[in-house]
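Q: Numbers given in this note's numbering equal positions in the sequence shown, counted from 1, plus 121. Here a beta-carbon is modelled for each residue, glycine too, at the ideal position from N, C-alpha and C. Quick caveat, the model's predicted, so the values are computed rather than measured.
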Amino acid sequence: MHAFNLQPKTLSLAERLADLAVDALIDEADLSPKPALVDRRGNGAHTDLHLGLMHASALALWPAFKEMAEAAIEIGEIGLPLREAIGLIGREGEQAMLATTNGVNTHRGAIWALGLLVAAVALEPQANTAGAIALRAARLALLDDRYAPRPLSHGAQVAQRYGARGAREEAQLGFPAVTQRALPQLKRSRALGHGEQNARLDALLAIMTELADTCVLYRAGEDGLSTMQLGAQAVLDAGGSASLTGRRRLHELDQQLIALNASPGGAADLLAACLFIDRIESGERLIQGAF
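(1) Locate the alpha helix (DSSP H) running through residue 254, then write down its first and last residues.
(2) May I ask you to report which of helix, strand or coil DSSP gives residue 162?
(3) Using only alpha-carbon positions, find the residue among 294, 163 and 246 that is nearest to residue 403.
(4) Roughly how many angstroms separate the alpha carbons of residue 391 and residue 268, rounded to a whole number?
(5) When DSSP labels each residue in this structure, what does residue 299 get in the three-state scheme?
(6) Just reading off the alpha helix (DSSP H) that residue 200 is part of, what are its end residues?
(7) To the nearest angstrom, how far is it from the Cα of residue 218 to the Cα of residue 232?
(8) With burial defined as no fewer than 16 other Cβ atoms inside 10 Å of the residue's Cβ, what is the status of residue 130: buried or exposed?
(9) Am I right that residue 387 and residue 288 are in contact with their C-beta atoms under 8 Å? What's the rounded C-beta distance?
(10) Measure from the alpha carbon of residue 308 to the alpha carbon of each residue in 292, 291, 296 and 327, then state which is nearest.
(11) Given 7 Å as the limit, tell me if residue 210 has its C-beta closer than that to any heavy atom belonging to the ligand ZN.
(12) What residues in its chain sit with their C-beta under 7 Å from that of residue 157, if we drop five residues either side in the sequence?
(13) Around the Cβ of residue 252, are there at least 16 other Cβ atoms within 10 angstroms (buried) or fewer (exposed)?
(14) Which one of 293, 144, 284 and 221 has the shortest CA to CA distance from residue 186?
(15) Leaving out five residues on either side along the sequence, give the residues of the same chain with a beta carbon under 6 Å from the beta carbon of residue 295.
(16) At the level of alpha carbons, what is the spacing between residue 396 and residue 197?
(17) What residues in its chain sit with their C-beta under 8 Å from that of residue 297, if we drop five residues either side in the sequence?
(18) Below 8 Å between beta carbons: does that hold for residue 206 and residue 135?
(19) Quick one: Cα of residue 274 to Cα of residue 330, how far?
(20) With distances taken between CB atoms, is the gap from residue 152 to residue 293 smaller than 8 Å?
(21) Decide if residue 399 is buried, meaning its Cβ has at least 16 other Cβ atoms within 10 Å, or exposed.
(22) Quick check: the Cα distance between residue 411 and residue 241, rounded to an integer number of angstroms?
(23) Please state whether the Cβ-Cβ distance between residue 310 and residue 320 is less than 8 Å.
(24) Residues in the same chain with beta-carbon distance under 7 Å from residue 279, minus the five sequence neighbours each way, listed in chain order, please.
(25) Could you spell out the range, first to last residue, of the alpha helix (DSSP H) harbouring residue 308?
(26) My output table needs one value for residue 247: the three-state DSSP class, helix, strand or coil.
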């Protein structure tokens, strides 16, 4: 058959959602200049991460996201069977991630957040507002997976120590850092003509202004968290990432967090969640060739 006669493959809903989840992770990784995070400039506050590893990790998670969406479609309703199915798939996805990264935790938090959101969209792809998606994800997150390992992650340990809201609680509340902070800021910055990359940076900063990021707390304690929150607000108050003063404040924040070895990985995971929901909410075609 002549190459020009080949028709593009029609993707299933589960495949398209997996594509969008991986795209969100890669877009988050590529976004630059992010304070103290891996991006196109370098490794930020990390010694064991680099951009190529982040890309490889994201791609390794595609099968898990696809299987989560398929489980949601097959089971068809929010309940313990779906919660435990996506929990098992998520743990298998984490092992695939660690095999790809030689044991480095690149996206554990993102597997949780994006896995819930992928399943939430797959359940009702036509009910695609941010609020509706987040509510379904929250209802799933509130269910207790009987088979989940009980040892606390670093993030959960830190959340207990400082009384902070960890990734689990953020999901159970319907991702307020995304729906109330990141998405509104993303849309405001776009409306002001700041450009897509600056709008995404501003969305990240909006998350950082209030999030009790357990990655920062684990690495740098309350001083690091205060530095992150106040510094992010200073960038936005100065006009955001698209302004000269805002860029100067962003550079200062980057240097401060690197000096503290404080990388806002929790905020980065939620930015990926924001970018995923934004694509869905804005009418991204979930099945190629559907229109």
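A: Once the coordinates are examined:
(1) As a position in the sequence shown, residue 254 is number 133, starting the count at 1. The continuous alpha helix (DSSP H) containing residue 254 extends over residues 251 to 262.
(2) As a first step, residue 162 is located in the sequence shown; it is residue number 41 there, counting from the start. Look at residue 162 here: in three-state DSSP terms it is coil, with no helix or strand label.
(3) Taking the sequence shown and counting its residues from 1, one reaches residue 403 at position 282. Measuring from the Cα of residue 403, the nearest candidate turns out to be 246.
(4) Taking the sequence shown and counting its residues from 1, one reaches residue 391 at position 270. Taking the sequence shown and counting its residues from 1, one reaches residue 268 at position 147. Straight-line Cα distance between these residues: approximately 25 Å.
(5) For this step, residue 299 is matched to residue 178 along the sequence shown. Residue 299: helix per DSSP, three-state reduction.
(6) Taking the sequence shown and counting its residues from 1, the one referred to as residue 200 is at position 79. No alpha helix (DSSP H) contains residue 200, which DSSP labels as neither H nor E.
(7) Here residue 218 corresponds to residue number 97 of the sequence shown, with the count starting at 1. Here residue 232 corresponds to residue number 111 of the sequence shown, with the count starting at 1. Going from the Cα of residue 218 to the Cα of residue 232 covers about 10 Å.
(8) What you label residue 130 is simply residue 9 of the sequence shown in a count that begins at 1. By the neighbour-count rule (16 or more Cβ atoms within 10 Å), residue 130 is not buried but exposed.
(9) For the purposes of this step, residue 387 is identified with residue 266 of the sequence shown, where counting begins at 1. For the purposes of this step, residue 288 is identified with residue 167 of the sequence shown, where counting begins at 1. Right, the Cβ-Cβ distance comes to about 7 Å (below 8 Å), so this counts as a contact.
(10) The residue labelled residue 308 in the question sits at position 187 within the sequence shown. Considering only alpha carbons, the answer is 327.
(11) Because no ligand of any kind appears in the structure shown, any question about the ligand ZN cannot be addressed here.
(12) Here residue 157 is taken as the residue at index 36 of the sequence shown, counted from 1. Excluding residues within five positions, the ones whose Cβ falls inside 7 Å are 165, 166, 375, 378, 379, 383, 384 and 385.
(13) By 1-based counting over the sequence shown, the position of residue 252 is 131. Around the Cβ of residue 252, a 10 Å sphere holds fewer than 16 other Cβ atoms; the residue is exposed.
(14) Here residue 186 refers to the residue found at position 65 when the sequence shown is read from its first residue. Per the Cα distances, 144.
(15) In the sequence shown, residue 295 corresponds to position 174, counting from 1. Within the same chain, residue 295 has close Cβ partners 255, 256 and 259.
(16) Taking the sequence shown and counting its residues from 1, one reaches residue 396 at position 275. Taking the sequence shown and counting its residues from 1, one reaches residue 197 at position 76. If you take the alpha carbons of residue 396 and residue 197, they lie about 25 Å apart.
(17) Working through the sequence shown from its first residue, we reach residue 297 at position 176. 291, listed in sequence order.
(18) In the sequence shown, counting from the first residue as 1, residue 206 sits at position 85. In the sequence shown, counting from the first residue as 1, residue 135 sits at position 14. Remark: C-beta atoms of residue 206 and residue 135 do not approach each other more closely than 8 Å.
(19) Mapped onto the sequence shown, residue 274 falls at position 153. Mapped onto the sequence shown, residue 330 falls at position 209. Rounded to the nearest whole angstrom, the CA to CA distance from residue 274 to residue 330 is 24 Å.
(20) To locate residue 152, count along the sequence shown from 1; it is residue 31. To locate residue 293, count along the sequence shown from 1; it is residue 172. Going by C-beta atoms, residue 152 is not nearer than 8 Å to residue 293.
(21) Sequence index remark: in the sequence shown, residue 399 carries index 278 (1-based). It is buried - the Cβ of residue 399 has at least 16 other Cβ atoms within 10 Å.
(22) The count along the sequence shown starts at 1 and reaches residue 411 at position 290. The count along the sequence shown starts at 1 and reaches residue 241 at position 120. Here the model assigns residue 411 a pLDDT of 42, short of 50, so the residue's position is not dependable, and the following value carries that caveat. Spanning the two alpha carbons is a distance of roughly 20 Å.
(23) The residue labelled residue 310 in the question sits at position 189 within the sequence shown. The residue labelled residue 320 in the question sits at position 199 within the sequence shown. Residue 310 places its beta carbon less than 8 Å from that of residue 320.
(24) Within the sequence shown, residue 279 is the residue found at index 158, counting from 1. Excluding positions up to five away in sequence, the list reads 285, 335, 338 and 339.
(25) Position 187 of the sequence shown holds residue 308. Looking at the DSSP string, the run of the alpha helix (DSSP H) that includes residue 308 is 304 to 312.
(26) By 1-based counting over the sequence shown, the position of residue 247 is 126. In the structure shown, residue 247 falls within a coil segment according to DSSP collapsed to helix, strand and coil.
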